[in-house]
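Only one structure is covered here, and it is reproduced in the block below.
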Amino acid sequence: MSTRQLAIFKTGSEEFGIEIDRISSIEQMLEIFKIPNSLEYIEGMVNLRGKVHTVINLRKRFGMHCPEFDENSRIIMVNSSSAVTGIIVDTVREIIKADDSDFGTDTKLKSGSKNKFACGSVKNGSRTILLLDVDKVLAQESA
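Reading the sequence shown from the start, the letters are residues 11 to 153 in our numbering.
This is the structure we're talking about:
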């Protein structure tokens with residue numbers, strides 16, 4: 011049985027996880043440069059260590075209310091097939107280890123826009139955490 015590590019974060023009242031191997035870094039909020047005429051959920055671009063990356067606001071992608079960013083807001087830099095892209099989340103909670111037996115794909119997800127971006131779930135104690143499908147979140151079709 012193998013073990014995988016996940017970064018657990020919150021957006022709204024929901025906890026989500028992303029496998030560590032998809033993450034290049036987790037950053038505090040950076041200066042974001044707006045992109046005119048971009049999709050609503052694209053917050054803009056950031057310059058991170060001399061490279062420019064697109065940043066997506068996960069709350070906007072999910073169609074949720076978007077309060078101001080605060081000291082807990084983070085940008086998770088994720089690896090996709092074409093680039094490293096930032097995903098803004100409310101807070102990063104922890105890194106957990108989960109055995110293969112803790113993962114499920116039949117999540118019986120509740121209806122809602124945020125759940126169409128989930129690719130499964132993981133059990134961690136009494137919690138069930140939705141696994142974020144990074145590729146679906148980064149896809150360019152509208153939410």
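Just so you know, even glycine gets a beta-carbon here, dropped at the ideal spot from N, CA and C.
Test item: CB-CB of residue i and residue j under 7 Å
i, j, result
"Ile97", "Ile52", "no"
"Met74", "Thr64", "no"
"Leu140", "Ile28", "no"
Sequence-distant residues of the same chain with beta carbon closer than 6 Å to residue i, five excluded per side
i, result
"Thr13", "Lys107, Asp109"
"Met87", "Ser34, Ser35, Val94, Gly96"
"Met11", "Asp109, Asp110"
Residues near residue i by beta carbon distance below 8 Å, same chain, minus five either side
i, result
"Ser90", "Val144, Asp145, Leu148"
"Asp112", "Val132, Lys133, Asn134"
"Phe79", "Met39, Ile98"
Enclosing beta strand (DSSP E) for residue i [first to last residue]
i, result
"Leu58", "52 to 58"
"Arg69", "Element bounds for Arg69: not the beta strand (DSSP E) but the alpha helix (DSSP H), 68 to 71."
C-alpha gap between residue i and residue j, whole angstroms
i, j, result
"Leu16", "Asp31", "9 Å"
"Arg69", "Gly22", "7 Å"
"Gly130", "Glu41", "33 Å"
"Phe19", "Phe26", "5 Å"
"Val102", "Glu81", "11 Å"
"Asp100", "Lys126", "19 Å"
"Pro77", "Gly114", "32 Å"
"Lys61", "Glu37", "14 Å"
"Ser152", "Ser136", "Legend: pLDDT at Ser152 = 44, less than 50; position of this residue unreliable, no value from coordinates given."
"Leu49", "Glu24", "24 Å"
"Ser83", "Pro46", "23 Å"
Buried or exposed by the 16-neighbour rule on C-beta atoms within 10 Å, applied to residue i
i, result
"Ala128", "buried"
"Ile85", "buried"
"Arg59", "exposed"
Other residues of its chain near residue i: CB distance less than 7 Å, five sequence neighbours each side excluded
i, result
"Thr138", "Ser131"
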